[in-house]
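Chains as they are written, first to last, in our numbering: chain A, 1 to 546; chain B, 1 to 423; chain C, 1 to 233.
Beta carbons are placed, not taken as given, at the ideal position from N, Cα and C, and that holds for glycine.
Here the structure is a predicted model, which is why all the values come from computation and not from measurement.
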Amino acid sequence: MALHDENLWYKDAVVYQLHVRTFCDSDGNGIGDFRGLTNKLDYLQELGINAVWLLPFYPSPLRDDGYDIADYTSVNPTYGSVEDFKTFLTAAHDRHIRVIIEMVMNHTSDQHPWFQEARSSRDNPKRDWYVWSETDTRYHGVRIIFLDTEMSNWAWDPISKSYYWHRFFNHQPDLNFDNPAVREAMWEVMKFWLDIGVDGFRLDAVPYLVERDGTSCENLPETHAVIRDLRKRLDVAYPGKMLLAEANQWPADVRAYFGDGDEFHMAFHFPLMPRMFMAVKLEDRKPIIEILGQTPQIPDNCQWCIFLRNHDELTLEMVTDVERDYMYDSFANDKAMRINLGIRRRLAPMMENDRRRIELLNGLLLSMPGTPIIYYGDEIGMGDNVYLGDRNGVRTPMQWNGGWNAGFSSADPERLYSPLISNPVYGYQAINVDSQRRSEHSLLSWTKSVIQTRNSFRVFSRGSIEFLNPTNHRVLAYVRQLGEEKVLVVNNLSSSAQAVELNLQSYKGHIPIEMFGRNLFPRIGDLPYLLTLGPYQFYWFRLRRI
Amino acid sequence: MVEDILLGDEFLRQLMSVGEVDLLVAIPSYNNAGTIGQTVQAIEESYQQNFIRDRVVILNVDGGSTDHTPDVVSAMDGRKAVGYRGLTSLRTVHRVTTQYAKSPSQGMALRTILATADLLRARSCAIVSPTTTNLDASWIANLLRPAYRQNFEFVAPLYTRDRYHGLLARNLLYPMNRAVFGQRIREVFSEEWGFSGRLASECLSQNVWNDEAVRARPEAWMAVTAICSDFKCCQSFLGPKVPPASGSALDIVEVIRQTVGSLFRCLETHQEHWLNRSGSQPVPTFGPDHELTSDGKPANQEKVFGLFRTGVTELDPILGSILTPDTHARIKDIAALDQEKFRFSHELWVKTLYEFAASYHHAVINRDHVIQALVPLYRGSMYSFFLEHANSSPEEIEADSESLCLEFERQKSYLVDRWKAKG
Amino acid sequence: MKAMIVQGLEQAYQNLVHMLAEFLPRFVVMLVIIVAGLIISYALKYILRALLHLTKLDRLSEEAGASRMLRMAALPSMTEVLSRSVFWVTLLGFILVGVSVLGVAGLQGQISRLLQFLPEIVVAILILFLGLIIANFLSRAALLAAVNAGYASPKMLSWSIRFVIWILAISMALEELGVARQTVIAAFSIVFGALMLGLAIAFGLGGKDLARGFLERYLGDKKSEKTEEPQPL
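Listed below in structure tokens is the structure:
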């Protein structure tokens, strides 16, 4: 039982997403590295998270922040060596923190030796490792993902004088998964890291693995076959390791990636994320209820991953046009804040640095069903810089203290890989870990205590969810239940005080105990349960029958 | 301020859940289960198409229906038009119903609506009738927009009409209202109109709810209050006015009692405002102006003329106490004319009406009786209209209407004199 | 002899003085009462007038049509009429009390009977007055309704209603006064019954078409006359 449970560790995880480059620099070259990260593991352990997801740290020309990989089984020297990584991994495991790394299967950098070989001539043995065509008319009508920079999914290779397929940047040619050699190569890569001891992989851009003419080239059955094969091998050779799918699709379409529990263990719930922001802005729970209403059931050993922000833009692909316009007008009316189909801002600036709203969204993140992912810096309320290119505005150095380079690096400030945030509101003098550590009432301390509360009850990570839909649409209320453990969560999505009457008849006789203060509330009787909430306030109640 | 006995607990609970709104559309109903579904749907469509980001509510105030009209409203899952990927409107649209009394009364219905608008702090409101079968989404948007986007406080509707319909409004209510209160609002008595939250609070605070004239035709009283309190008024074009299905119309006597009675009562209550003014101003109009179509033919008027004549004869003593001797004599003269040669001149009609208004004010006999005595004379004027305009084009009828309005304005000083004279 | 006459005269003189002495105080008291009564009556009249002005009784009575009746009877306004009535009634009361103090035998009884009768007279007058007003109002309402609905003989309907209410009022007044109570009741019943019977026969025989039409309209469809007139609004 314990072993079986151990294999489901990802269900109970609270994940911290970070990029080595942004976290801590130990050798003074202005770029974060593994040794620096290892030094900060105590901080992460104190925070209460139990898994870390690292963005790609492999050798790369860095034209897509590391997602254009030039060598799968090595570490970019700026961040350290494979040895440094092993040291980090051991230290993390010692602190009961699991490590999830990126597996960018769909494409490589055009600097990768495989592609260098494949393009050198049409007879090269690795030619078939990529997707080539004489014309750019194959797979006609397939949508372009990086709308702001790419005109087509085909790029012309002057060396072999043919087109190659790329769903992302033109310097990221897609691998050809119809080729068994490619699949084997990918497995070998995964084995390499699994042998070192990583606990899971986030598979980037999985819907696009396989292409077929006359389709959208997304979510094809052949793609699923590749995944199933991979999973089977994983279960046999490395039980307890986890695969996380990055599939930016509607929930019904993502469902396929869980298969019958024989494909991915976890997948991101992309459409929920913008709706959490929308609900708070509209002061209406409808967007959240609707999307969760159409989210299908998934196999018992699978779990959704939920998040507020990440390293990419806040994607508005999976919303209606009306919703997209509303989100743009509400959160990104400066055009500089928009990129592709999304908003490249951090959580705190989007919430206008309103502590209550930030807490509310974090409360939602940590109480709704799914494994929560916290983006580095959001626990202290870091700001963003929308004038940096691409999505780099949300990837600025971690702010540790108010001193030299925010404690991130001892290098000259001009040498840092990215400028620091330095305005009076979000700058490192105002927002940093050290000053927030000193106060029990800082956002950091608050986040710690909420994570701790969440971790002390399994019901949040494994329980069912039942939405109570009180007539007051500004209140989002639900009950999480796991066996006898019941938790009532009530959230006020509006900026004004609200009164709400909840129909708790099925919990008659229980006493709600507020989980942060541990105070008793009146017993639930026959009448509707009246609660009043301040602006953006939320309650977590444990329902005990005594 | 809102009296707490007006809104029941259950209703208040519903309002609590709705919270503050930007827009409110209200439907007063009584036994309209057959048509109210359409009305609610038109409102929801209008919200979806024109006000997708705004906080909205649909309110149904019911006067004790026996055919479960409110249940029809609550049960409607108005999501006929489901959008992309099964996702619908941005916000929750609340549908709230309440019973305001055991029997229908337009005044009580309006009072409940105003109280709700006040509590929910709605910025713009509209009232529509479940009996208007050709109501559509654009009508509602046209009623809500001027108050919501442009700071108008009262929005009167405008319609296209058959040229022979709406005579009471065209020959009596509109010109008299225009001449007395000075604003050229065509439809002061209507089934649908719009107003701002500010006007709602203002009207709510006035203690007129026991007044018979307000109970029967509250929309006119609201319009007059808006005009007299210098609120910005405007008109908004809606569409064709379709006469209600036969058999459901109120009879002419009842209509005149309500409308003219209400108008005269408004003259009473707002004396200080109009006694010293003259002339009239046009009001801003949204959309095309009202129009008369060339449809319709004059109905059989034999009976009408007969009723006019009988009225003049039989009600002789009553008319004698209402009209001046001179006017009374002139009325008797025209009643004696041959049917084909009959004409009720504009000048005489206006004089008669003003004398009626003054007599109403002095209460020479019971006021309701004064109004009832007007009915045969109105019939006479109607008959005269049909004779004169049997073959007129809409433009000619319009021109004639405008000259009638000017006649009302011209004789206003006569009204003022008679009004102020000691009974 | 002379002494007896003188004695007799003296006696008579003394009796007279005695009687006067008895009578005079009572006379003075009577005067005082009457004067007091005058003052009080005036006071009441002014107070009542002021009160009635405040309640705008005149306006109400205008509307009810009562003022017209008063004008026709060459009476002043309702307020005046009421205040003056109160004046006279109060004064009369005081006078009667004063006179009764005089102690003139026989007068007491008459006065007290008169006093008892007074309220009934007032009530009877009131009934008649109210009856007149109501008859006026209802007959006019009926006339207007009948004319506007196009019924055949509106005047007849109006007059019959007026007549019936008059009869009712007169009977009630007479009954109140106690004048020939039984006769009045009987007569009223006979007249009223006959009227009803007559109407029934007339309605039934002569008006059977009208009755049918009425029933058809009431219970059946209402199309008939409404569509002839176009929409007023």
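Is residue i close to chain C, meaning its C-beta is less than 7 Å from at least one C-beta of that chain?
i, result
"E314/B", "yes"
"Q258/B", "no"
"F344/B", "no"
"V253/B", "yes"
"F189/B", "yes"
"Q372/B", "yes"
"A169/B", "yes"
Measure how close the beta-carbons of residue i and residue j come, nearest whole angstrom, since I'm counting them as under 8 Å.
i, j, result
"S384/B", "R410/B", "At roughly 19 Å, the Cβ-Cβ gap does not stay under 8 Å, so S384/B and R410/B are not in contact."
"V375/B", "V188/B", "At roughly 20 Å, the Cβ-Cβ gap does not stay under 8 Å, so V375/B and V188/B are not in contact."
Report the neighbours of residue i on chain C: residues whose CB is nearer than 7 Å to its CB, in chain order.
i, result
"A336/B", "Residues of chain C passing the Cβ test: none, with the nearest at roughly 17 Å."
Check the Cβ-Cβ distances between residue i and every residue of chain B, and say whether any is below 7 Å.
i, result
"G98/C", "no"
"M1/A", "Residue confidence is low: M1/A scores 31 on pLDDT, short of 50, so the model does not pin down where it sits. Its coordinate-derived value is still stated next. Closer than 7 Å: no."
"G150/C", "yes"
"D284/A", "yes"
"V490/A", "no"
"V549/A", "The structure shown does not extend to residue 549/A, since chain A spans only 1 to 546, so no value can be given for it."
"V123/C", "no"
"V147/C", "yes"
"L144/C", "yes"
"R162/C", "no"
"R26/C", "no"
"Y16/A", "no"
State the beta-bridge partners of residue i as determined by DSSP.
i, result
"V27/B", "This sequence places Ile at residue 27/B; Val is not what is there. Paired residue(s): N60/B."
"N492/A", "V475/A"
"K486/A", "Q481/A"
"W156/A", "Y163/A"
"V52/A", "Y16/A, V99/A"
"S196/B", "S124/B"
For residue i, count neighbouring C-beta atoms within 10 Å of its own C-beta (all shown protein chains included) and say buried if the count is 16 or more, exposed if not.
i, result
"L52/C", "buried"
"G166/B", "buried"
"M350/A", "buried"
"S496/A", "exposed"
"S236/B", "buried"
"N333/A", "exposed"
"A12/C", "exposed"
"A390/B", "exposed"
"Q110/C", "exposed"
"P70/B", "buried"
"M4/C", "exposed"
"L143/B", "buried"
"E352/A", "exposed"
"G287/B", "exposed"
"N276/B", "exposed"
Report the neighbours of residue i on chain B: residues whose CB is nearer than 8 Å to its CB, in chain order.
i, result
"K155/C", "E314"
"R59/C", "A363"
Can you list the residues of chain A that residue i reaches, using a CB-CB cut of under 7 Å?
i, result
"R53/B", "Y326"
Would you say residue i reaches chain A, if we count a Cβ-Cβ gap shorter than 7 Å as a contact?
i, result
"T97/B", "no"
"T92/B", "yes"
"D4/B", "The pLDDT assigned to D4/B is 48, lower than 50, so where the model puts this residue is not dependable, and the model offers no usable value."
At 9 Å on the CB atoms, spell out the chain B contacts of residue i, in chain order.
i, result
"A472/A", "For clarity, residue 472/A is Asn in the given sequence; the question names Ala instead. By Cβ distance, chain B contributes M16, S17, V18, G19."
Residues of chain B with CB under 7 Å from residue i, in chain order?
i, result
"A499/A", "M16"
"F137/C", "N366"
"A141/C", "H369"
"R49/C", "Simply none; closest approach about 20 Å."
Can you pull the chain C neighbours of residue i, defined as C-beta to C-beta under 9 Å?
i, result
"H165/B", "P230, Q231, P232, L233"
Report the neighbours of residue i on chain C: residues whose CB is nearer than 8 Å to its CB, in chain order.
i, result
"I318/B", "R140, L143, L144"
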